[in-house]
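Q: Here the sequence shown is numbered in this note's numbering, starting from 82 and rising by one per residue.
Even glycine gets a Cβ: it sits at the ideal position worked out from N, Cα and C.
Can you read through this structure? Questions will come right after.
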Amino acid sequence: MSPASPTRASAATPSPNRIDRLRIRHLRLLDLVARSGSLTAAGEALHISQPAVTKMLQELEYAFGCRLIERTTRGGRLSAAGERALERLRVVLGVIDAAGEALQARPEVPLVRLGMLPLVGVDVLPQAVALLRAQDALPRLAVREHSVGGLTAMLCEGELDCIVGRLQKDDTDQLKARVHITPLRDEYLAVVCAPAHALARRREVALADLHEGPWILPPRGTHTRDVFEQPFLDAGQLPPVPHIESASFHSNLAMTAAGGFLTVAPATALAHYQAMSMVREVRLRTPFASGRLVFITPAQIEAPPAVIRLREALEAVTRQDTGAPPARARRR
82 MSPASPTRAS
92 AATPSPNRID
102 RLRIRHLRLL
112 DLVARSGSLT
122 AAGEALHISQ
132 PAVTKMLQEL
142 EYAFGCRLIE
152 RTTRGGRLSA
162 AGERALERLR
172 VVLGVIDAAG
182 EALQARPEVP
192 LVRLGMLPLV
202 GVDVLPQAVA
212 LLRAQDALPR
222 LAVREHSVGG
232 LTAMLCEGEL
242 DCIVGRLQKD
252 DTDQLKARVH
262 ITPLRDEYLA
272 VVCAPAHALA
282 RRREVALADL
292 HEGPWILPPR
302 GTHTRDVFEQ
312 PFLDAGQLPP
322 VPHIESASFH
332 SNLAMTAAGG
342 FLTVAPATAL
352 AHYQAMSMVR
362 EVRLRTPFAS
372 GRLVFITPAQ
382 IEAPPAVIRL
392 REALEAVTRQ
402 DTGAPPARAR
412 RR
């Protein structure tokens, strides 16, 4: 039987038998068209002729029983069905790429592609790594740092196996249809200053007092910046304008210690810096909204054993500290 034309394919239904006959390059064709907007460019990337691209597209649409790519004057773009298919297929392609990467060196040791927020590497991850190594169960780790939004996008496209990050309730509600979320611990956002800063000596600091600055803050659009600015907006105040914008908590805390700034950071991540008397936590009358440290995996695929062991280690080390605000900070 010859592949159906796009017109017939649009009215057909997917067949497991037809899908089983697809090759990996069929799936990559859809991804390449989405990225380049051109069937010709996709064919060049796959090193195949234009007639071969057309045949491959017909086989792909025949297998899924619908039109996946719409022809345009500039080449081609994914249909609505093509976009939905690619959301799933990118996870498959990511898993295939990860399998190749894992077997390139030391195939006897599993590889975990971990995405995390920067300060997770100061507090939580080192403890989990030490625990797994003591159990002789530490996998190879390929660690990527990014914002919550960036990490989530990479996870859903199959570029990561798991994430350790912080979410608010609204974020959790938006993501739970696409991912599995394991709560690790609740945390709150602390305001931090240098020991010599005027606010370090105050017994209680109100929201309006925080305008004294100067501030170092993460860029707009990041999770931490949103959590920081919301209380000011709720109180009818403009949030402080930062003198420095930086996405690196490590740099922010170091500059705060050296230059007399104010900054914000998850409270549980401050122990290392406070132990060396580099910074002090500001005693806020009302603490900033709490967030939740979570472990996230894709909903579409079953987590490999190495990812499960990493999750269990993170659960074990975070169980020791709830990350709740101290009693003085909870006063109204």
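According to the neighbour-count rule (16 or more other Cβ atoms, all chains shown, within 10 Å of its Cβ), is V245 buried or exposed?
A: V245 is buried by the Cβ-count criterion.
Q: Using the beta-carbon count (16 or more within 10 Å), is S83 buried or exposed?
A: Residue confidence is low: S83 scores 44 on pLDDT, short of 50, so the model does not pin down where it sits. Its coordinate-derived value is still stated next. Answer is exposed; the Cβ neighbour count stays below 16.
Q: Residues in its own chain within less than 6 Å of T233 by CB, not counting five upstream and five downstream?
A: So no residue of the chain qualifies.
Q: For the pair the stretch 390–399 and the stretch 203–214, tell me if three or more CB-CB distances fall below 8 Å.
A: Yes, the stretch 390–399 is in contact with the stretch 203–214.
Q: Taking the runs of the beta strand (DSSP E) that are 3 residues or longer, which of them lie wholly in the stretch 228–303?
A: Segments of the beta strand (DSSP E) lying fully in the stretch 228–303: 243–248, 260–274.
Q: Just the C-alpha distance for I100 and L108, rounded to the nearest angstrom, thanks.
A: Distance between the alpha carbons of I100 and L108 is about 11 Å.
Q: If we ignore side chains and look at the alpha-carbon of each, how far apart do V205 and V398 end up?
A: Taking the straight line joining both Cα atoms gives about 7 Å.
Q: Helix, strand or coil for P379? Go by DSSP, reduced to three states.
A: It is a strand residue.
Q: So who's on the other strand from E326, going by DSSP bridges?
A: Paired residues: L298.
Q: Considering only the beta carbon of each residue, do V272 and E362 sit closer than 9 Å?
A: Contact: yes.
Q: At which residues does the beta strand (DSSP E) containing T367 begin and terminate?
A: Here T367 belongs to no beta strand (DSSP E), and DSSP marks it neither H nor E.
Q: Between which two residues does the beta strand (DSSP E) holding R400 run?
A: Run containing R400: none; DSSP gives neither H nor E here.
Q: Counting C-beta neighbours from all protein chains within 10 Å, is the total for R409 16 or more, i.e. buried, or is it exposed?
A: Low confidence applies to R409: its pLDDT is 42, below 50, so where it sits in the model is not reliable enough to give any reading.
Q: Specify the secondary structure class of R413 as computed by DSSP and reduced to three states.
A: The predicted position of R413 is uncertain, since its pLDDT is 33 and thus under 50; a value taken from the coordinates is nonetheless stated next. It is coil, neither helix nor strand.
Q: What's the C-alpha gap between G163 and Q131?
A: Going by the C-alpha atoms only, they are around 20 Å apart.
Q: Considering only C-alpha positions, which residue in the set R259, P207, T337, V308 is nearest to L248?
A: It is V308 whose Cα lies nearest to the Cα of L248.
Q: Could you work out which residue in Q208, H278, M197 is closest to C230 when comparing CA atoms only?
A: Per the sequence presented here, residue 230 reads as Gly, with Cys not at that position. Comparing Cα positions, the closest option is M197.
Q: Grab me the residues of E151's own chain with a C-beta within less than 6 Å of its C-beta, minus the 5 sequence neighbours each way, in chain order.
A: Once the five neighbours on either side are set aside, the close Cβ partners of E151 are R158, S160.
Q: Excluding sequence positions up to five away, which residues of its chain have a Cβ less than 6 Å from the Cβ of I377?
A: Excluding residues within five positions, the ones whose Cβ falls inside 6 Å are I244, V260, I262.
Q: What residue from A289, L195, L103 has the CA that sits closest to G317's CA?
A: Per the Cα distances, A289.
Q: Going along the chain, which residues of its own chain have a beta-carbon closer than 7 Å to the beta-carbon of S329, five neighbours each way excluded?
A: If we look at S329 and ignore the five residues flanking it on each side, its Cβ neighbours are P199.
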